[in-house]
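Input: a single structure, listed below in structure tokens.
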């Protein structure tokens, strides 16, 4: 479908939905896509959310593995550095500190790579 439209995730008994983030997308070399997601509350319907995140230790090397690992899209990085960089992305001064002030489109493209 069109990537600019939201898609409903249907209820399938006995299943669960996994929202893949940027780290797992990078680890699978983009084979699993990072999801942009939202949850809508619909009164009268049951909604169960188990929220949590699993994260490797800071010293774990993140490099492509699995069926898509032959053509590496991302350089290896330790988990601590990757997570620190993801937190920094949310600071208003990030682009200036990286010398990318005025290059928001370049950064947006890099972030979208985890979703393609």
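Numbering (this note's numbering), first residue to last: 1355 to 1470.
Positions of the beta carbon are idealized from the N, C-alpha and C atoms, including for glycine.
In this text the structure is predicted, and so the values were computed from the model without any measurement.
In the DSSP assignment, residue 1448 falls within the alpha helix (DSSP H) that extends over 1448-1451. Here residue 1415 is bridged, per DSSP, to 1432. The three-state secondary structure of residue 1381, taken from DSSP, is helix. One Cα belongs to residue 1373, the other to residue 1364, and the distance between them is close to 14 Å.
DSSP places residue 1427 in the coil class of the three-state scheme, outside both helix and strand.
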